[in-house]
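Okay, so here's the structure we're looking at.
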Amino acid sequence: MAKIAYCSKSLHKASRDLLDQMIGIAEDYDEKGYRLTVRQLYYQLVSRNIIPNNLSSYQRASKILLAGRMMGEVDWDVIMDRARTPIMPGEFRSMSNFVKAALNSYRKYRWDGQDHYVEVMVEKEALAGILERVTREYHVLLLANKGYSSASAIHDVAGRMEYEEENGKTCHVIYLGDHDPSGMDMVRDIDSRLNTFGCSPSVERLALTMDQIEQYNPPPNPAKSTDPRSRKYSEEFGGQSWELDALNPEILSDLLESRIQEYLDVGMYNDVIEQEDAEKGRLEKVAGRI
Numbered sequence: 038m039a040k041i042a043y044c045s046k047s048l049h050k051a052s053r054d055l056l057d058q059m060i061g062i063a064e065d066y067d068e069k070g071y072r073l074t075v076r077q078l079y080y081q082l083v084s085r086n087i088i089p090n091n092l093s094s095y096q097r098a099s100k101i102l103l104a105g106r107m108m109g110e111v112d113w114d115v116i117m118d119r120a121r122t123p124i125m126p127g128e129f130r131s132m133s134n135f136v137k138a139a140l141n142s143y144r145k146y147r148w149d150g151q152d153h154y155v156e157v158m159v160e161k162e163a164l165a166g167i168l169e170r171v172t173r174e175y176h177v178l179l180l181a182n183k184g185y186s187s188a189s190a191i192h193d194v195a196g197r198m199e200y201e202e203e204n205g206k207t208c209h210v211i212y213l214g215d216h217d218p219s220g221m222d223m224v225r226d227i228d229s230r231l232n233t234f235g236c237s238p239s240v241e242r243l244a245l246t247m248d249q250i251e252q253y254n255p256p257p258n259p260a261k262s263t264d265p266r267s268r269k270y271s272e273e274f275g276g277q278s279w280e281l282d283a284l285n286p287e288i289l290s291d292l293l294e295s296r297i298q299e300y301l302d303v304g305m306y307n308d309v310i311e312q313e314d315a316e317k318g319r320l321e322k323v324a325g326r327i
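First residue of the sequence shown: 38, per our numbering; consecutive thereafter.
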């Protein structure tokens with residue numbers, strides 16, 4: 038936990054109340070293992086009818102949150118910025134630290150012997166931190182596309198899936214993205230380009246869907262009229278769109294975990310974990326002699 042005061046400020050009562058609510062929400066999710074982005078925290082406020090869903094509200098909430106962090110009232114560690122992650126060279130302070138890191142990172146291929154191979158794609162890098170808790174647990178590759186995926190990224194996916202198909206696995210891409218003109222088109226785009234590269238996995242849109250919108254009622258936004266796909270989208274869904282960020286992080290995690298489990302032989306998976314634990318035990322004995 039890191040609450041550090043760099044300045045002192047006086048907030049009006051309305052701003053004070055909003056900051057207290059943001060602190061409560063952010064710390065509650067942090068206790069559950071989720072670090073929210075500023076935008077995810079904003080949507081939590083909107084979904085609870087604390088503030089309206091518009092640009093000025095987002096800017097005001099962001100400004101008050103920053104003030105709270107600078108004043109030492111908001112833990113710097115409970116809010117994350119996935120778009121600005123530093124790249125650090127690997128280093129170890131001692132050989133024992135290296136050995137511990139090696140032991141902690143040792144993992145067998147958890148999908149060994151499985152009938153299926155799964156990769157997850159998400160439209161927004163900011164949501165990778167939420168989904169990574171699930172994909173790391175189940176040893177599934179997660180790719181943050183930042184909108185439409187690049188040709189290089191799709192080519193790499195096709196190469197991995199071609200290899201898995203040659204080894205007898207049925208391949209699947211699980212996709213999560215906004216419910217807007219571009220977001221609804223991305224599954225088609227991914228499927229088409231994978232086919233171009235000689236790969237034909239199932240490409241499934243897990244979220245955001247209209248059924249989920251009706252069930253969970255995330256706050257809407259106006260559909261982007263400047264998007265060339267907006268006319269077709271509006272004809273089918275009307276003039277509103279919905280961001281994936283607006284869905285509760287726990288719901289997103291549960292949706293993804295349930296879908297991955299559908300492709301997984303749990304008994305076989307647990308057998309691999311048991312083998313991994315046994316091998317780690319042997320490695321620890323060897324490491325103890327270093």
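C-beta: ideal position from N, C-alpha, C; glycine also.
On a predicted model such as this, the values are computed, not experimentally measured, just so you know.
In this structure, DSSP gives Gln277 an extended state, which the three-state scheme calls strand. For Met132, the enclosing alpha helix (DSSP H) starts and ends at Met132 to Ser142.
The DSSP-derived three-state label of Val177 is coil.
Using a Cβ distance threshold of 8 Å, Val155 and Ile297 count as a contacting pair. Counting every other CB atom within 10 Å of its CB across the protein chains shown gives Tyr43 a total below 16, marking it as exposed.
If you look at His216, you'll find it isn't in any alpha helix (DSSP H); DSSP assigns it neither H nor E. For Ala39, the number of other beta carbons within 10 angstroms of its own is below 16, and it is reported as exposed.
Collapsing the DSSP output to three states places Glu299 in a helix.
For the 8 Å CB-CB criterion, Val194 and Val240 do not form a contact. Residue nearest to Asn307 within the set Ser229, Asp149, Asp226 and Leu231 is Asp149 (criterion: CA-CA distance). DSSP, read as helix, strand or coil, puts Ala244 in strand. Distances from the alpha-carbon of Ser290 to those of Ser93, Phe234 and Gly166 put Gly166 closest. The Cβ atoms of Ser94 and Ile88 sit closer than 8 Å to each other.
Per DSSP, the continuous alpha helix (DSSP H) segment holding His192 begins and ends at Ala188 to Glu203. Counting along the chain, Glu64 sits inside the alpha helix (DSSP H) bounded by residues Lys50 to Glu68. Put simply, of Pro255, Gly105, Arg85 and Gly61 the residue whose alpha carbon is nearest the alpha carbon of Ser52 is Gly105. In this structure the segment 214-231 does not lie against the segment 57-75, because fewer than three pairs of beta carbons, one per stretch, are closer than 8 Å. When DSSP states are grouped into helix, strand and coil, Pro259 belongs to the strand group.
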